[in-house]
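Before any comments, here is the structure.
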Ligand SMILES: [Zn+2]
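In UniProt numbering, the protein residues as written are 1 to 347.
In structure tokens:
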């Protein structure tokens, strides 16, 4: 605090002092315990958007009767990219998946995916994509992953990256074991179909009729993280723990029943959370797919944040934002239907 008072004396008045914010920040950082959190600069920031589900088709309704604005959703993305560029200090942007809707006529799938990718490319930074079920209704992994520049081995879409030495992001592939996206005769398609046969007695495997509680997630439009990916996740979290990194997990499918409807959960969310809970490094999990805002803190203090869909924004409204990352919290700054919130965690 002495250093701050000294600066005030030196400058004569506060006006000239506050013109030099970088000095103020560095002094405030050094005044432990007296610094207001609000005055601190984030370590880094990133943009966020989910479930654009663009298609050049008339507006419609979800199976629950929620209006969907297929043409407007790309305008939401355009405004998101404008905001992210205007911010000037975003390190990257995260797309939580489902960029094109399953109702897009298949002869227009490539055009529609390309249109959305082009809009993302107007962002002055890297976009970290993940795949969703709607992307896979439009094109197979072999075509989709290169368009989204997703690093891939054998068609899998999980990867990690480290924006600063203290943070690691893990992107999960929630459709690793899935009845969509892989060739029909692929062992993973066969494994998923057998799983659905065992878990869901309905002839329409997208119907949760008769399923109770979290069993209602056993639907064809969901999927699972496979054994190999689980082992990979374990090794990344072990490495992050050794490096004293905090981890943010991103997955199209939600991982906690407290933040999402049961029908949207990853088939083996419990297994994935079992791996995550072995360590203390994961602080926040981000997801889409449920189309509704959700936030929970699980029994181990991990935050789960699920995002509103850009698709369901009535014309003129928005759903996107950016997240400021600090040592002890992620601070979501939402635009439109996405509410701002702070997610605090232990160091
Ligand atoms: Zn989805």
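Glycine included, C-beta positions come from ideal geometry on N, C-alpha and C.
Does the Cβ of residue 215 have 16 or more other Cβ atoms within 10 Å, making it buried, or fewer, making it exposed? By 1-based counting over the chain shown, the position of residue 215 is 215. So residue 215 counts as exposed.
Quick check: what's the CA-CA separation for residue 234 versus residue 316? Your numbering for residue 234 matches position 234 in the chain shown. Your numbering for residue 316 matches position 316 in the chain shown. Distance between the alpha carbons of residue 234 and residue 316 is about 43 Å.
At a cut-off of 7 Å, would you count residue 124 as near ligand 1, judging by its Cβ distance to the nearest heavy atom? Numbered from 1 along the chain shown, position 124 holds the residue referred to as residue 124. Checking every heavy atom of ligand 1 against the Cβ of residue 124, none is found closer than 7 Å.
From the DSSP output, read off the bridge partner residues of residue 74. Mapped onto the chain shown, residue 74 falls at position 74. Beta-bridge pairing links residue 74 to no other residue.
Neighbour-count burial assignment, residue 337, 16 or more Cβ in a 10 Å radius: In the chain shown, the residue the question calls residue 337 occupies position 337. It counts as buried.
Compare the C-alpha of residue 76 against each of 331, 309 and 240 and name the closest. Translated into positions along the chain shown, residue 76 becomes position 76. It is 309.
Runs of beta strand (DSSP E) wholly within the segment 107-145 (minimum 3 residues, chain order): 126-129
My output table needs one value for residue 236: the three-state DSSP class, helix, strand or coil. Here residue 236 corresponds to residue number 236 of the chain shown, with the count starting at 1. Correct three-state label for residue 236: helix.
If I follow the unbroken beta strand (DSSP E) through residue 57, where does it start and stop? The residue given as residue 57 occupies position 57 in the chain shown. Unbroken run through residue 57: none, as it is neither H nor E.
Does the Cβ of residue 98 lie closer than 7 Å to at least one heavy atom of ligand 1? Mapped onto the chain shown, residue 98 falls at position 98. Because some heavy atom of ligand 1 lies under 7 Å away, the Cβ of residue 98 counts as near it: yes.
Limits of the beta strand (DSSP E) - the one that residue 196 falls within: Along the chain shown, one-based indexing puts residue 196 at 196. No beta strand (DSSP E) contains residue 196, which is instead part of the alpha helix (DSSP H) from 187-199.
Pick from 294, 94 and 314: whose alpha carbon is nearest that of residue 256? The residue given as residue 256 occupies position 256 in the chain shown. For residue 256, the nearest C-alpha among the options comes from 294.
Cβ of residue 129 versus every heavy atom of ligand 1: is any distance shorter than 7 Å? Sequence index remark: in the chain shown, residue 129 carries index 129 (1-based). Answer for residue 129: no, Cβ out of range of ligand 1.
Between the alpha carbons of residue 160 and residue 284, how many angstroms are there, rounded? As a position in the chain shown, residue 160 is number 160, starting the count at 1. As a position in the chain shown, residue 284 is number 284, starting the count at 1. Straight-line Cα distance between these residues: approximately 15 Å.
Distance check for residue 124 and residue 328, CA to CA, integer angstroms please. Locating residue 328 in the chain shown gives position 328, where the first residue counts as 1. Locating residue 124 in the chain shown gives position 124, where the first residue counts as 1. In a straight line, the C-alpha of residue 328 is about 27 Å away from that of residue 124.
Taking C-alpha atoms, which residue in 200, 142, 342 and 179 lies nearest to residue 348? Lying outside 1 to 347, the shown extent of the chain, residue 348 is not represented and no answer is given.
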